[in-house]
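Sequential numbering of the sequence shown, starting at 1, is according to UniProt numbering.
Glycine included, C-beta positions come from ideal geometry on N, C-alpha and C.
All values reported here derive from a predicted model rather than from experimental measurement.
Read the structure below first, then the notes.
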Amino acid sequence: MDKRNYLVVKDSVSEKLLEELKQREDISAQRMKRLLALSDLTRKENSPLKFIVDKILSMEIFKDFDVIEVPEIVTVRDNFDLLNAPLDHPSRRETDTYYVSKDYVLRTQTTVMWPFYLQKEEEKKKLEKEGEIGLLSYGKVFRKDEIDRNHFPVFHQIDGLYICKKEKKIIGISELQEVLAAITKAIYGDSIVFRFLEDTFPFTEPSTQIEMQREDKWLEIVGAGVVHTQVLSNLGIDPSIYNGWAFGFGLERIAMAKMNIPDIRIFWSNDSRITGQFKDIDSQYEEISKFPMTYRDISFVVDKNTSLNNYYEIVRDCAGSLVEQVELSDKYIDEQKFGSDKISYTFRIVYRSPERTLTNEEVNQIQEKIIEKTKEELRAAIR
């Protein structure tokens with residue numbers, strides 16, 4: 001392969017949808033606008049996530065890999081269909097994914113770079129001529145999720161893809177393990193203890209993952225696999241001639257383990273007492289202070305088919321980065337009391353800022369907003 005190329009893909013439909021989104025004022029649009037406005041931390045200087053990305057880009061194995069940047073608003077076809085995601089896969093649901101329109105979503109994975117790259121005629125010609133291609137993509141992805149120290153609706157991933165002619169190399173599990181081991185050692189050092197496990201992904205078969213030992217626990221860090229023959233066919237590449245490997249992982253998880261970062265909200269902080277601690281990939285985070293937590297409980301009755309992710313979205317809308325965790329503490333059904341199609345939930349909302357002490361007054365105001373939004377959006381009866 002030749003030296004690395006940097007590619008930025010523009011999509012006129014995505015850009016038009018973004019402009020239309022900016023004009024919308026519905027709740028869903030407001031949420032998506034807030035998420036899209038957040039910085040891409042993989043490209044922000046002195047961000048722990050950029051340190052991880054830079055380390056991977058500097059690895060010998062990836063020195064000739066192209067880097068591609070693709071839109072954050074992508075088609076359902078590119079994000080799911082071409083990558084072999086089953087029609088009934090949970091990630092396709094509106095309770096899990098942000099839909100800009102019926103056919104477009106906020107990308108849920110950087111794996112979506114595959115169709116953007118491999119459907120380009122010039123890249124197919126390059127593959128045919130050189131017999132191999134390699135590419136990397138990284139940036140923000142978006143998923144509706146629970147609220148705790150490890151989850152945020154915007155996070156960052158990096159994906160890698162290598163495809164070659166079978167006459168050049170037959171790709172198998174051993175090739176995958178070499179790549180995963182190299183990444184793990186580059187980030188955590190040669191002495192890191194790790195192991196390989198079988199895994200499954202829609203776009204690779206067979207698949208594997210690597211776990212590293214952290215104190216007395218095992219932490220899953222990187223997944224990979226042989227590129228699925230059906231996905232190659234979907235992208236117009238003959239699987240009888242070509243094969244390849246791919247990997248992908250969440251960067252926050254990697255950085256939290258590497259730099260001793262206890263809370264995903266730390267990455268978004270602009271507090272100089274926090275940001276000033278990160279100088280390079282070997283920086284270790286030290287809490288500036290353990291600010292006190294406070295909590296509020298809320299109980300409400302809703303339809304049984306209500307997705308809890310919708311409730312988590314409401315809490316994030318109202319509390320932003322001041323909420324540390326939302327814990328489901330109780331749920332029960334009482335047909336005589338609530339009706340056959342209703343269910344009661346009780347949540348404990350834990351408030352804590354990593355930067356300052358919260359006042360009871362501001363927490364109470366946030367809690368009142370959450371109560372009103374819960375009644376309004378979920379048609380909930382507060383208990």
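Beta-bridge pairing of residue i - partner residues as DSSP gives them
i: Tyr162; result: Gly134, Trp245
i: His89; result: DSSP output for His89 lists no bridge partner at all.
i: Tyr351; result: Thr294, Val323
i: Leu219; result: Met212
i: Tyr104; result: Thr75
i: residue 390; result: This structure leaves residue 390 out entirely; the chain is present only between 1 and 383.
i: Gln141; result: Before going further, note that residue 141 is Val rather than Gln in the sequence given. Phe155.
i: Ala224; result: Thr208, Phe247
Endpoints, alpha helix (DSSP H) assigned at residue i
i: Ile314; result: 308-319
i: Ser174; result: 173-188
i: Ile371; result: 360-378
i: Asn234; result: 229-234
i: Phe267; result: Taken as a continuous stretch (DSSP letters only), Phe267 belongs to no alpha helix (DSSP H), as it is neither H nor E.
i: Ser12; result: 12-23
i: Phe338; result: 335-338
Residue span of the beta strand (DSSP E) that contains residue i, given as start and end
i: Pro206; result: 204-214
i: Phe51; result: Here Phe51 belongs to no beta strand (DSSP E); instead the alpha helix (DSSP H) covers 48-57.
i: Arg77; result: No beta strand (DSSP E) contains Arg77, which DSSP labels as neither H nor E.
i: Thr200; result: 194-201
i: Tyr6; result: 6-8
i: Val67; result: 66-69
For residue i, the three-state DSSP class (helix, strand or coil)
i: Leu328; result: strand
i: Glu146; result: coil
i: Thr97; result: coil
i: residue 391; result: With the chain running from 1 to 383 in the structure shown, residue 391 is simply not present.
i: Ser240; result: coil
i: residue 387; result: Limits of the chain in this structure are 1 at one end and 383 at the other, which puts residue 387 out of reach.
i: Phe278; result: coil
i: Ile27; result: helix
i: Arg356; result: coil
i: Leu127; result: helix
i: Leu83; result: coil
i: Glu122; result: helix
i: Ile61; result: helix
i: Ser272; result: helix
i: Lys168; result: coil
i: Leu38; result: coil
i: Lys44; result: coil
i: Met33; result: Sequence inspection shows Lys at residue 33; the Met mentioned does not correspond to that position. Here Lys33 sits in helix by DSSP.
i: Lys3; result: coil
Contact check, residue i vs residue j, beta carbons under 9 Å
i: Arg253; j: Ile298; result: no
i: Ala224; j: Ile61; result: no
i: Ile274; j: Leu118; result: no
i: Thr184; j: Ile210; result: yes
i: Phe142; j: Ile264; result: no
i: Ser269; j: Pro202; result: no
i: Lys200; j: Val227; result: The residue you asked about is not Lys; residue 200 is Thr in the sequence shown. Result no, Cβ atoms of Thr200 and Val227 do not sit closer than 9 Å.
i: Val231; j: Leu82; result: yes
i: Val154; j: Trp245; result: no
i: Pro262; j: Arg356; result: no
i: Ile52; j: Lys258; result: yes
i: Val74; j: Arg4; result: no
i: Met32; j: Val100; result: yes
i: Asn84; j: Val105; result: no
i: Ile281; j: Lys165; result: no
i: Leu41; j: Lys140; result: yes
i: Leu57; j: Leu36; result: no
i: Phe196; j: Gln213; result: no
i: Ile173; j: Leu127; result: no
i: Val323; j: Ile147; result: yes
i: Tyr311; j: Asp145; result: no
i: Ile382; j: Lys375; result: yes
### Query
Does the stretch 338-348 come within contact of the stretch 318-329, defined as at least 3 CB pairs closer than 8 Å?
yes
### Query
Below 8 Å, can you find three or more Cβ-Cβ pairs linking the stretch 310-320 to the stretch 123-143?
Three or more Cβ pairs closer than 8 Å define a contact, and the stretch 310-320 falls short of that threshold against the stretch 123-143.
### Query
Below 8 Å, can you find three or more Cβ-Cβ pairs linking the stretch 46-64 to the stretch 86-100?
no
### Any 3 or more C-beta pairs closer than 8 Å across the stretch 96-114 and the stretch 152-166
yes
### Query
Is the stretch 357-371 close to the stretch 17-29, with three or more CB pairs under 8 Å?
Below 8 Å, too few C-beta pairs join the stretch 357-371 and the stretch 17-29 to call them touching: fewer than three.
### Task
May I ask you to verify whether the stretch 282-290 touches the stretch 300-308, counting CB pairs closer than 8 Å and requiring at least 3?
No, the stretch 282-290 does not touch the stretch 300-308.
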